[in-house]
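Let me begin by presenting the structure, written as structure tokens, before commenting on it.
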Amino acid sequence: MTRAEALQEIIAAVNPRHAFDEHTVIAECADLDSLGLFNIVLFLNSLGLDPDVEELAQLKTVGNILDLIPQE
């Protein structure tokens, strides 16, 4: 999966109402509430990734989430 494809999958999982890209700051994005973040975790799990809570807490931007996903 390419980075652009992964971003599109995350956008589909979150279904944001506002502009959303890899520079979006998680803490400042109203669309990334607990349900949105849970959907992202489910997406990561579907890829065989199982980040722990401590690792997830360190993520600051959507780009940091994308960095967890192996790229083609």
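Here the numbering used here is used: the first residue of the sequence shown is 1118, the next is one more, and so on.
All residues carry an ideal CB built from backbone N, CA and C; glycine is no exception.
Sort Gly1153, Asn1162, His1135 and Ala1147 by Cα distance to proline 1187 and report the nearest one. The sequence position of residue 1187 within the sequence shown is 70, counting from 1. It is Asn1162 whose Cα lies nearest to the Cα of proline 1187.
Can you tell which of Leu1176, Phe1160 and Pro1168 has the C-alpha that lies nearest to the C-alpha of valine 1118? Locating residue 1118 in the sequence shown gives position 1, counting from the first residue. A quick correction: the sequence has methionine, not valine, at residue 1118. The residue with the shortest Cα to Cα distance from methionine 1118 is Phe1160.
Should alanine 1123 be labelled buried (16 or more other beta-carbon atoms within 10 Å of its own) or exposed? Taking the first residue of the sequence shown as 1, we reach residue 1123 at position 6. Under this definition alanine 1123 is a buried residue.
Would you kindly check if the distance between the Cβ of leucine 1185 and the Cβ of glutamate 1172 is under 9 Å? Taking the first residue of the sequence shown as 1, we reach residue 1172 at position 55. Taking the first residue of the sequence shown as 1, we reach residue 1185 at position 68. It is a contact, given that the beta carbons lie within the stated cut-off.
Label valine 1131 either buried or exposed according to how many other C-beta atoms from any shown protein chain fall within 10 Å of its C-beta, with 16 as the threshold for buried. Here the question's residue 1131 lines up with position 14 in the sequence shown. With 16 or more other Cβ atoms within 10 Å, it is buried.
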